[in-house]
Structures are given as structure tokens and as C-alpha cells.
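Just so you know, the sequences run in chain order Y and G.
Here the first sequence is numbered in the UniProt record's numbering, starting from 1 and rising by one per residue.
Here the second sequence is numbered in the UniProt record's numbering, starting from 1 and rising by one per residue.
Built from N, CA and C at the ideal position, the CB exists for glycine as well.
Bear in mind the structure is a predicted one, so any value in this text is a computation, not a measurement.
Single-structure report; data block below.
Number of protein chains: 2
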Amino acid sequence: MRMGPTIADVARVAGVSRSTVSYALSGKRSISGETRQRIFDAIRDLGFTANAGARALATRRTMVLGLLMQFEPDEFAPAMLQYVMAVTETARRKGYDILLVTDHDGPAALRRITDSGMVDGVVLLDVLHDDPRLPVLREAHRPAATVGLPADTEGLDVYDLDFGAAARQIVDHLRDLGHPEIVLITPPRPVFSRGGAYSWRFRDAAVEQAARRGVRLTAHYGEADPSRIPATVGAVLDAHPQATALIVHNDATAAMLPAVLGARGVAVPGDLSVISLYSADFARTFSLPYTFVESAPGLLGRSAVEALVHRLDHPGGPDRPVTRLVAPHLIDRGSTR
Amino acid sequence: MRMGPTIADVARVAGVSRSTVSYALSGKRSISGETRQRIFDAIRDLGFTANAGARALATRRTMVLGLLMQFEPDEFAPAMLQYVMAVTETARRKGYDILLVTDHDGPAALRRITDSGMVDGVVLLDVLHDDPRLPVLREAHRPAATVGLPADTEGLDVYDLDFGAAARQIVDHLRDLGHPEIVLITPPRPVFSRGGAYSWRFRDAAVEQAARRGVRLTAHYGEADPSRIPATVGAVLDAHPQATALIVHNDATAAMLPAVLGARGVAVPGDLSVISLYSADFARTFSLPYTFVESAPGLLGRSAVEALVHRLDHPGGPDRPVTRLVAPHLIDRGSTR
DNA sequence: CTGAAAGCGCTTACAG
DNA sequence: CTGAAAGCGCTTACAG
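Rendered as C-alpha cells:
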């Protein structure tokens, strides 16, 4: 708790002024070789590190980004982690630290960390169609990037998977293989009702594309309660004995699917073609053998941070806020036929 | 990015001095009712929030805790999340924010956030027997709490499950049911070799207790690569045809066990008794039906933060650093017989 | 190439 | 009960 050396200590030891030390540190003006040497010797000898708070006060930059997320009981937490990893990793590479905010009251938390100047900008995860954090964000006048597509993208750098295109690609893939009837398991109903737009963007596009291509497709809500997943999947399959293909747009269901289908004695793709939507990392963690569209958490998290940092590093720059929907990429693992 | 109002603005509007506003905010001296009212009216009207950096500079307290963790490829990331949730949630409840640090170079990252005064204290997750972050921590002179038991606990508040007691309880449980031969799947070998002490604390205690109780017990390393888990579990069971009980001390293996055993046609507990070590949350997320010892990430994360905050709030207090090994608690789900 | 000084926005002894 | 002023540790125009 004892304070470390300050820039004044360095200045004294090096026999220069504080400003010279500061400039040596920032490189914002040239320092004679010999002076430079004395300064850095002193820094090393004293073990000096600039105080972040004092620097932030003087520069109005904290070099910290806020990462706002919530662990919703109906979201599959393990999948969230990949966004967190991508965001923190990219931020560090760009010289920023991450303030992790998981408060249940997202708007209040956002106001707190922006108004108090704790962060230079924020990344919002899991943005809802009509996200209550966005009005707060607009008042905060801080750069922000989101993962997830809100209704109003004004002033935000927005990154998300193109869920509509993903659904169409998946339906086309199954149609081209000749499947006449398909069952879709969507995210749990609460995800729809609270405004998780990815849920209906995928489902609605799948339904439309199926109609267009002359395929029968029925959508069913996935279970929020993991223990009910086996029964629900079973019920869905029982209800559609003619269905030869299953689309899973729900991480929790996907993670359990090998066990569930195994228990039912359903062979993939012999008895049933299966295709899903998740990340390669997710597939690896749970050894999921299914053909899937990459949900790209790494790319999305990284892009969001890079856009945010670019904006922070070029304040008042000419760049308009951007909304980028990442094109889906289907990885064929042979689970469809 | 436009700065918000400062304490000087509030003082002007309320017609008082800056110090009076500050004292009204902190409550550190009494303010007359009328003055108080004018101050809080001004605060509300202006939408004032104190600047965190300036406050930190003046008070030498940032109200931020560092959370140091790493996502090791051989750790099952979903299980880490529960510690993160417990830590952030508890910190917020105590008025602290969390700086999430996942740098691969843990010691350097720790030095950076402590020397620069970004955090008041740190929580270390997944502490190794001979953790390279600890020497840095000792030089940093900042309070710290860990989850995980290092060899040298000097100066640290340490929280961990009593893995030895857990192993003994599990072996006793199986022995009391009459199982003569038991197989144990441990964490992957790299966890042992890099010093994840929980791995051998559990294994060694299990081996000893089995010997003491006259049970045959063989330990096998779990797989770091999820895709190899089914084969490895299969090989282990094949190698011990007489074994009637399986202890799983590896999250990745536990998560896949229903699918793996299902595929082999092994009924639990009919053909095989299964008992594991994980959290109730983990069991819920993956619908694991096995009897288990609670690994208590919520309790451990919460306790670590509470100890740390207590120390920060009582600097120079009389409390000696504490090492607390949480007693295991077995939840019988009927998967042993 | 370098220094003295003001300023960032708070808190807190010191005085009254 | 309240205020003027010093100080926290930096950065950066301003001057030389």
C-alpha cells in the first residue's frame, strides 16, 4: 500500500525537471541522448511506473474500456465466454484494460462508469432490439461498439452475424440435399420476448426461405432449463416423424445433443441430418460433430474492440459509425446427408 | 466525450464551497439541512457524478479490484465462469468494480496494474503451487486474496476447497457401498505438471484413503483435448473390467460423461457407480445426474472478495491473513449404489 | 533541448 | 456549520 516512486523522484534522481521525464516517457518531444539515458536509468533503478489515475486526470484518457454483459439464465454461459476472451485479448493488444461490468441493472451501471470517467468507451454484449442501455449511452457521449444488432444503431459501431443469411444458407443446404421436412429448435421463448433479435432474425428467415424453397419447416422453442432439454427435443422429434433434418439454433441444446440423440438411438446423419449454429471453439469444447455455421464470437468481439479503439484514437475523425453483419460461413462436418 | 459538470459547478450553483460539496457527498462532516438540500438539488440538476480518477488520486483508493485469471486450454472454461460471476457480483455489492486481466504473462500484468495504482487489491484465480505471480504480488504491497492454495500463503487470504477431504469422503462413500475397485479420472497431465495443486491434492488423498480402506483405486489422467475424451474414458473402463465405480475429477470429462457412457451402453448406477466433483450450477448447466461433491465456486469467489474488501476497509487492521479450506459437501443424486 | 508553472477534479487537514 | 488552500501525480502549453 506504500506508494511507489513518483515522477518527481525520477526527476530528482536524473537531475532533470518533471516535464522532461514526462516527455521522455511519452516521446512527445526529443530528449538529448545523455539526458534520456539518465532518465531511464532512474526509472529502472527506482522501479517507477506512472500513476494511472493521475495520468487519466491530466490526459482525460483512462485507457480502460467498459465491457458490459449480463449472465442471463436462459443464455448458455459458456458461449458468452468466447466474447469476453476476444474482447479482453484485443483490448490488451491495443493497450487498453477491461472493466468488467455484469450488474443486473445495465443502464445504471453504464451511467456510473461513463459519468465517473472510469472508461474511455464501452463494448456492449448481447444487445437487445430495444436495449435499455442505449439511451443512457447516447447521453454519455462516449464511443461505443456493440455485439448484437439493436433497432436503432445511431452513433454505434455494430457487429453481428448475419443471422438471416445464416438461416437461408442452412435451409438451402438442407433443401439441396433433398430434405422435404425440417424441424428448427430456436432459442428459448424468453430470449424472443426480451428482445434478443438474433432469435427471430434467424427463425423468420428460416421460415421464409423454407416457404420459398418449398420445404416444410416448423420452429420450436428451445428449453431455458437444461434438465428439460432431452424431453423437449424428444417431443419435437416425436411430433414430426416425417422430419429428416434438425436445425439447432440454441447453444444449450446443441451441447447436449449427442447425449440426447444417443439416448434415443438416433443415428446422425443416418436417421437424422443435424446442422447447427455455433463457434468452432464451442464445437471443440463440447466435441460436437455437427455441420455448423460459424457464429464467429472471436471475430465479432475483436472487430467491436478494434472499431472502438480506432474511434478513441481518432476523436472527431471522419469515420461514420458502421453496422457490419458478418457473412455466415458453413463448415461441413458430414452430419447432413 | 464532452466533460460533465465538476464539483466546482455544483459548488457554484449551490452557492457553497467545493469542500462543502465534497463533505456533503462523503458525509464526513455534518451539513446544515438547507445547505445539504441546495447541494443535492444542484447535483441532481447538473447530473453530477464525481470523477473517479480525481477521487482516486486524492484518496489513494480506486475502488477497483483486479481479477487475474487465465484461460488455459486444458481447463474447462465454462467452469471458470462461475468464479468470475461470483467475484464480480460480490465486488459490486461491496462497492468495487472489477478490472479483468487475462494476459498470458500474469506476473507482468499484475505488476502493471498494481504499480500504476489501477487497483486497490487483487483476486488471483487458479493459483498454482508455485505461482509466478506471487513474488510480484509480495513486492506490490497490495492486499490480495486467492482462490487456490499455493505452497507459500504468506501474506495472502487463501480460499480453496479441501480437496484432500473431498477425495477421502468420496472414497469412503464408495467403500461404504461395498465397491472393491474404483477408477479415478484426474485432471489432464499438464495441470499436474504446471502446478495445479488441486489435481494431486485430490488424487493423492484418494489413493491413500483407498489403501487405508482396502479398496483398489487406479488413477488415470483426463484428456486435455475434448475430442479424445470418449476414447480415453473407454480405454480406462476397458482396462479395469472389475471396477464398479468411477470418480471423475475433471470438468470436461464430467460434462461429456452422459454421452460417453450412453454410447457405450453403460447404465448408471446399474453397471457403474459414478461420482464427481463440480458445482451444482455446473451440474445444472450440463444436466449432469451424478452424485457429486460441491466445488463451491460461488462460495470461494465470494469469500475471497469479502476477505480482500475487509482488508482494504481496515488497513493495518489486526487480522492475520487466513487460509481457509472449505469442507466438502456431498450431494447424493443416486448415481452410486 | 529543457524548465517553471498551470491545470486536470477531487479530498482533507487547518482555520474560523 | 463552512471556506480557502494545499496536495494527490501526472501532462502540456508557454518560455527560453
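query, result
"C-beta neighbour in chain Y for Gly53/G, strict 8 Å", "yes"
"Span of the alpha helix (DSSP H) around Ser273/G", "Taken as a continuous stretch (DSSP letters only), Ser273/G belongs to no alpha helix (DSSP H), being part of the beta strand (DSSP E) at Ser273 to Tyr278."
"Short CB-CB distance (under 8 Å) between Val138/G and chain Y", "Note that residue 138/G is Arg in the sequence shown, not Val. No, because no Cβ of chain Y sits closer than 8 Å to the Cβ of Arg138/G."
"Thr102/G, buried or exposed, once every other Cβ within 10 Å from all chains shown has been counted against 16", "buried"
"Whole-angstrom distance between Leu272/Y and Val266/Y, CA atom to CA atom", "7 Å"
"Contacts that Ser287/Y makes with chain G (C-beta to C-beta distance below 7 Å)", "Pro226, Ser227, Ile229 and Met256"
"Gly255/G (DSSP reduced to helix, strand or coil)", "Correcting the residue type first, residue 255/G is Ala in the shown sequence and not Gly. In the structure shown, Ala255/G sits in a helix (DSSP, three-state: H, G or I)."
"Residue-chain proximity (Thr49/Y, chain G), Cβ-Cβ < 8 Å", "yes"
"Through-space distance from Gly66/Y to Thr323/Y, alpha-carbon basis", "20 Å"
"Per-residue contacts from Asp332/G into chain Y (C-beta, under 8 Å)", "Ordered by position in chain Y, no residue passes the 8 Å Cβ test against Asp332/G, which lies about 17 Å from the chain."
"Validate contact between the segment 79-89 of chain Y and the segment 54-61 of chain Y using beta carbons, cut 8 Å, 3 pairs", "no"
"Under the three-state DSSP convention, the category Val260/Y falls into", "helix"
"Short CB-CB distance (under 8 Å) between Ser335/Y and chain G", "no"
"Own chain residues within Cβ distance below 8 Å of Ser279/Y, not counting five before or after", "Ala79, Gln82, Glu294, Ser295, Ala296, Pro297 and Gly298"
"Three-way DSSP call (helix, strand, coil) for Val266/G in this model", "coil"
"Three CB pairs or more closer than 8 Å across the segment 171-186 of chain Y and the segment 214-221 of chain Y", "yes"
"Glu89/Y at chain G interface by Cβ criterion, 8 Å", "yes"
"Straight-line gap, Ser19/G to Val147/Y (C-alpha atoms, nearest Å)", "42 Å"
"Cβ-based burial, Ile331/G [other Cβ within 10 Å; buried from 16]", "exposed"
"Simplified DSSP assignment, three categories, for Val171/Y", "helix"
"Test: Gly117/Y CB closer than 8 Å to a CB of chain G", "yes"
"Range of the contiguous beta strand (DSSP E) that encloses Gly222/Y", "Arg216 to Gly222"
"DSSP three-state assignment for Ile43/Y, whether helix, strand or coil", "helix"
"Proximal residues to Arg264/Y (C-beta, below 7 Å), its chain only, five neighbours per side dropped", "Gly234"
"Residues within the segment 4-20 of chain Y neighbouring chain G, beta-carbon criterion of under 8 Å", "Gly4"
"Exposure label - Met3/G; buried when at least 16 CB within 10 Å", "exposed"
"Length of the line joining the Cα atoms of Val10/Y and His141/G", "20 Å"
"Thr336/G - DSSP class collapsed to helix/strand/coil", "coil"
"Pair within 8 Å by beta-carbon distance, Asp162/Y and Pro328/Y", "yes"
"Classification of Pro258/G by the beta-carbon crowding that lies within 10 angstroms, buried from 16 upward", "buried"
"Which of helix, strand or coil DSSP assigns to Pro78/Y", "helix"
"Within-8 Å CB hit, Thr102/Y to chain G", "yes"
"Minimum Cβ-Cβ distance from Arg93/G to chain Y less than 8 Å", "no"
"Reference Phe292/G, options Arg333/G, Leu68/G and Thr114/G, closest by Cα", "Arg333/G"
"Residue range of the unbroken alpha helix (DSSP H) whose run includes residue 342/G", "For residue 342/G there is no data in the structure shown, the boundaries of chain G being 1 and 337."
"First and last residue of the uninterrupted beta strand (DSSP E) at Thr186/Y", "Glu181 to Pro188"
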